[in-house]
Amino acid sequence: MSLWDVNVPGPWWNSLTYEFRENAEPGGRALVPVGKGFRYGIIERGPVDRPAGEGFSIRQARAVSDAEPLLPQNMLQLVSWTGKTFLCGPGEALKSAAPSSILSFPEPFPSFSDNPGRTMPGIYEEVFLYECRTRNRWIPFIDRMEKAETVLVLFPEQEMASSFFDLLPSSLRDRTILWPSAGGKKLHNAWLAARAGSVSGIVGGPGAVFAPLPFLSAVIVDEESSGAFRSYNKPFLNARTIAGRRALLEKASLTLAGRLPSSRVYLRGRPACTEAAPRHSVRYVDIRKGFASETPGVEGNLRLSDALLSETKNTLARGKTALWLLDRKGYAGEVACEDCGNSVRCPRCSGIMAWEEKKGRLRCSSCGTSRPIPEFCPFCRGILLTGKRPGLEALFPVARAIAPEDIPVMLWNESRRTGKKNRLGLKKELATGGIVLGTRAALALCDLAEIGFAAWIDADGETRSVSYQAKFNAFSMAWESFWRGNEGTDRMVLLQSRRPGTGWQRGMVSGWEKFWKDELAERKELGLPPYFFLVEISARSAEQKESIMSKLEESGFLPMDPGTPPLIFWVAAESPSRVHSVLAPFFSIGNSRKGFPEIKVWID
DNA sequence: CCACCAGAGCTC
DNA sequence: AGCTCTGGTGGC
164 MSLWDVNVPG PWWNSLTYEF RENAEPGGRA LVPVGKGFRY GIIERGPVDR PAGEGFSIRQ
224 ARAVSDAEPL LPQNMLQLVS WTGKTFLCGP GEALKSAAPS SILSFPEPFP SFSDNPGRTM
284 PGIYEEVFLY ECRTRNRWIP FIDRMEKAET VLVLFPEQEM ASSFFDLLPS SLRDRTILWP
344 SAGGKKLHNA WLAARAGSVS GIVGGPGAVF APLPFLSAVI VDEESSGAFR SYNKPFLNAR
404 TIAGRRALLE KASLTLAGRL PSSRVYLRGR PACTEAAPRH SVRYVDIRKG FASETPGVEG
464 NLRLSDALLS ETKNTLARGK TALWLLDRKG YAGEVACEDC GNSVRCPRCS GIMAWEEKKG
524 RLRCSSCGTS RPIPEFCPFC RGILLTGKRP GLEALFPVAR AIAPEDIPVM LWNESRRTGK
584 KNRLGLKKEL ATGGIVLGTR AALALCDLAE IGFAAWIDAD GETRSVSYQA KFNAFSMAWE
644 SFWRGNEGTD RMVLLQSRRP GTGWQRGMVS GWEKFWKDEL AERKELGLPP YFFLVEISAR
704 SAEQKESIMS KLEESGFLPM DPGTPPLIFW VAAESPSRVH SVLAPFFSIG NSRKGFPEIK
764 VWID
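Set out below in structure tokens:
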């Protein structure tokens with residue numbers, strides 16, 4: 164009889180200790196009594212001493228007699244590291260790493276592997292591959308996949324993963340799994356196949372980072388700087404960062420790739436920017452010299468320049484498509500303060516909140532969060548919040564008016580994006596050119612149609628965001644709008660703004676090294692990522708917020724409280740581990756009634 | 001008489 | 001969070 168620590172899926176920030184009669188083994192499954200029921204967990208370590216603390220008695224658990232531990236050693240370490248680093252607790256991390264259908268499979272699993280294991284000793288190394296053109300990255304990926312014994316290739320989006328997968332030569336595809344994006348039976352089977360080592364490669368979206376290959380010799384992360392590697396729901400993880408850690412634990416080679424690096428990778432490796440947009444392909448236009456769009460019923464100050472209209476016409480004359488980009492939606496568009504001019508931003512993702520007239524509410528155009536319209540301006544407490552700024556729909560009549568009648572003009576519609584039929588239809592429709600109006604999501608069109616011209620109607624828009632990443636987001640979107648799907652360089656990008664050709668915009672033609680040098684200097688000064696980890700804490704009540712903040716202060720932290728949204732505040736730390744110990748008490752199970760705070764860790 | 005539910009209570 | 005136990009309601 165001995166005591167073992169078990170990682171139980173759930174809100175616990177600590178593992179739970181149980182007594183085992185039979186042989187327990189780290190990584191193995193256990194059926195443990197918790198509260199009034201039972202759950203399956205993963206044995207972490209043991210034998211251990213009785214844990215400190217009172218008010219509980221140690222109960223007896225049963226090890227599941229799987230032929231082998233469910234999680235290999237490295238995965239076990241990766242899960243607990245994830246729980247600590249992203250401040251979500253090991254139980255939440257475990258849920259991401261092993262689907263519940265696997266964890267609580269009612270039968271013992273037979274032996275997973277007849278796979279021989281690693282034949283070459285591993286060495287951790289970092290390789291940077293920053294190329295603007297997709298094929299200049301993907302072809303080397305394939306080369307690496309062929310050379311590596313086992314490989315994990317991650318993309319920020321499933322769609323990208325699946326286009327890459329389609330590109331693999333069949334000999335390679337036969338021993339590779341395209342990791343399923345949804346759960347269910349498919350994931351169950353993919354998980355078992357990976358665990359058995361019956362494939363040598365996994366290609367997938369962020370969810371594939373925990374694919375349980377018994378060992379790894381190479382990890383490849385494409386579009387490493389993409390925000391899509393951050394999960395959308397709890398637990399808030401960054402799959403890019405986990406992939407990096409995994410490569411380190413596995414002693415695998417880590418390839419970080421993309422059109423431009425994230426701040427962290429740039430700081431770490433100073434990769435060189437080999438190519439920027441040619442000077443003649445980027446036009447900066449002073450929005451103040453534009454003319455206001457005259458759309459009946461819209462009182463707005465959205466300005467459209469002559470350059471926008473003439474370049475659009477040129478593009479149509481070349482039989483190509485023009486993309487007008489404005490990161491807000493809706494006829495009435497965003498809700499802005501009459502006094503300070505700021506727009507209401509999403510409390511969750513800082514996207515622009517658009518006014519839904521019918522519902523009398525605000526809805527985020529990026530993540531869909533819905534909120535009532537605030538009474539005062541959240542920035543200056545100004546009273547007037549008006550829905551006067553025109554959005555995309557307001558531009559539609561202008562675009563329609565300048566295009567010949569037989570040329571399609573359309574609003575980018577998310578539902579038309581997916582499905583083969585839809586894509587083929589869209590491709591056909593735009594075969595001889597057109598104008599498409601959309602938000603940043605419309606950049607996906609670059610993969611479908613020949614975009615000869617991409618215009619940012621309000622390039623300052625993103626920069627008005629309060630997020631510290633605003634400039635990076637603006638720059639990476641503009642950068643993407645030039646390079647995505649542009650294998651030649653015959654696309655023109657136009658940036659309408661109030662400060663044309665200054666600040667982050669210069670990076671378009673001078674390259675991202677220039678961008679990051681300026682940006683990093685500023686972030687270092689302010690103690691922001693990548694120099695510090697930024698922990699965003701969303702409390703469940705005002706009392707809880709007070710209490711967490713004072714505990715942090717006692718431990719020498721300086722929490723930052725911007726005041727809006729009311730329950731969210733921030734703390735910068737050199738590593739998450741010290742914040743971890745301050746926050747842990749708030750996750751003690753006895754506090755569940757008060758609700759647990761929600762935490763996001765920003766690393767770059 | 002019992003199916004169905006919302007709420008309470010508990011968690012090494 | 002996830003589970004079960006509780007007690008009330010309402011259908012027939």
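Just so you know, the first sequence maps onto residues 164 to 767 in the working numbering.
Idealized CB from N, CA, C, for every residue including glycine.
{"Asked": "Check for me: the alpha helix (DSSP H) holding Q253 runs from which residue to which?", "Found": "The residue asked about is misnamed: residue 253 is Pro in this sequence, not Gln. P253 to A260 is the extent of the alpha helix (DSSP H) around P253."}
{"Asked": "Could you give the residue range of the beta strand (DSSP E) that holds A416?", "Found": "Checking the displayed sequence, the identity of residue 416 turns out to be Ser instead of Ala. S416 to G421 is the span of the beta strand (DSSP E), which, as asked, contains S416."}
{"Asked": "Within 10 Å of its beta-carbon, does D490 have 16 or more other beta-carbons around it, so buried, or fewer, so exposed?", "Found": "buried"}
{"Asked": "In chain order, what residues of the same chain have a beta carbon less than 7 Å from the beta carbon of S178, not counting five sequence neighbours either side?", "Found": "D168, V169, N170, E207 and P253"}
{"Asked": "If you follow the alpha helix (DSSP H) that A594 is part of, which residue opens it and which one closes it?", "Found": "No alpha helix (DSSP H) contains A594, which DSSP labels as neither H nor E."}
{"Asked": "Work out the CA separation of L657 and R298 for me, nearest whole Å.", "Found": "25 Å"}
{"Asked": "Among Y429, F268, T626 and N396, whose alpha-carbon lies nearest the alpha-carbon of A684?", "Found": "Y429"}
{"Asked": "Taking only runs of the beta strand (DSSP E) that begin and end inside the region 214-289, which ones reach a length of at least 3 residues, in chain order?", "Found": "223-226"}
{"Asked": "Where are the alpha helix (DSSP H) runs, 4 residues long or more, that stay fully inside the region 335-374, in chain order?", "Found": "347-359"}
{"Asked": "What separation, rounded to the nearest whole angstrom, lies between the Cα atoms of L250 and D724?", "Found": "19 Å"}
{"Asked": "For the beta strand (DSSP E) containing T602, list its first residue and its last residue.", "Found": "Careful: T602 lies outside any beta strand (DSSP E) and carries neither H nor E."}
{"Asked": "Taking R524 as part of the beta strand (DSSP E), name the residues at either end of that continuous run.", "Found": "R524 to C527"}
{"Asked": "Which complete beta strand (DSSP E) runs does the region 685-743 hold, if anything under 3 residues is left out?", "Found": "696-701 and 731-736"}
{"Asked": "Between which two residues does the alpha helix (DSSP H) harbouring I570 extend?", "Found": "That residue, I570, is in no alpha helix (DSSP H); it is neither H nor E in DSSP."}
{"Asked": "Count the other C-beta atoms from every protein chain shown that fall within 10 angstroms of the C-beta of Y395, then say buried if there are 16 or more, exposed otherwise.", "Found": "exposed"}
{"Asked": "Under a three-way DSSP split, which group does G648 fall into?", "Found": "coil"}
{"Asked": "Out of S639, D229 and R422, which has the shortest C-alpha to C-alpha gap to W619?", "Found": "S639"}
{"Asked": "Could you give the DSSP three-state label for G204: helix, strand or coil?", "Found": "strand"}
{"Asked": "Closest to D449 by CA distance: which of D623, G285, L350 and L606 is it?", "Found": "D623"}
{"Asked": "Is the Cβ-Cβ distance between T282 and L379 less than 8 Å?", "Found": "no"}
{"Asked": "Restricting to Cα atoms, I'd like to know which of I700, G198 and V362 is closest to R338.", "Found": "V362"}
{"Asked": "Below 8 Å, can you find three or more Cβ-Cβ pairs linking the region 212-222 to the region 276-296?", "Found": "no"}
{"Asked": "Taking Cβ positions, are K617 and F635 nearer each other than 8 Å?", "Found": "Note on identity: in this sequence residue 617 is Ala, with Lys being the wrong assignment. Not a contact, by the Cβ cut-off of 8 Å."}
{"Asked": "I need the DSSP call for W679, collapsed to helix, strand or coil.", "Found": "helix"}
{"Asked": "Please list the terminal residues of the continuous alpha helix (DSSP H) segment that includes L411.", "Found": "A402 to E413"}
{"Asked": "Under the rule that 16 or more other beta-carbon atoms within 10 Å means buried, what is S389, buried or exposed?", "Found": "buried"}
{"Asked": "Is the Cβ-Cβ distance between A311 and A381 less than 8 Å?", "Found": "yes"}
{"Asked": "Just to confirm my understanding: we take A410, look at its own chain, exclude 5 residues before and 5 after, and list those with CB closer than 6 Å. What are they?", "Found": "V382 and L417"}
{"Asked": "Does DSSP put R433 in a helix, in a strand, or in coil?", "Found": "coil"}
{"Asked": "Is I708 buried or exposed, if buried means 16 or more other CB atoms sit within 10 Å of its CB?", "Found": "At residue 708 the sequence reads Lys, which differs from the Ile that was named. By the neighbour-count rule (16 or more Cβ atoms within 10 Å), K708 is buried."}
{"Asked": "Under 8 Å, with one C-beta from each stretch per pair, do the region 474-486 and the region 693-701 reach the 3-pair mark?", "Found": "no"}
{"Asked": "According to DSSP, is K551 helix, strand or coil?", "Found": "Its pLDDT being 47, under 50, K551 is placed unreliably in this model, and the value from its coordinates should be taken loosely. Of the three classes helix, strand and coil, the one that applies to K551 here is coil, per DSSP."}
{"Asked": "I'd like to know if the region 216-223 and the region 266-274 are in contact, where contact means that at least 3 CB-CB pairs between them fall below 8 Å.", "Found": "no"}
{"Asked": "Taking just the CA atoms, how far does P235 sit from W575?", "Found": "45 Å"}
{"Asked": "Over what stretch of residues does the alpha helix (DSSP H) that includes N576 continue unbroken?", "Found": "Looking at the DSSP string, N576 is not in any alpha helix (DSSP H), and its letter there is neither H nor E."}
{"Asked": "Taking all protein chains shown into account, decide if I598 is buried (16 or more other Cβ within 10 angstroms of its Cβ) or exposed.", "Found": "buried"}
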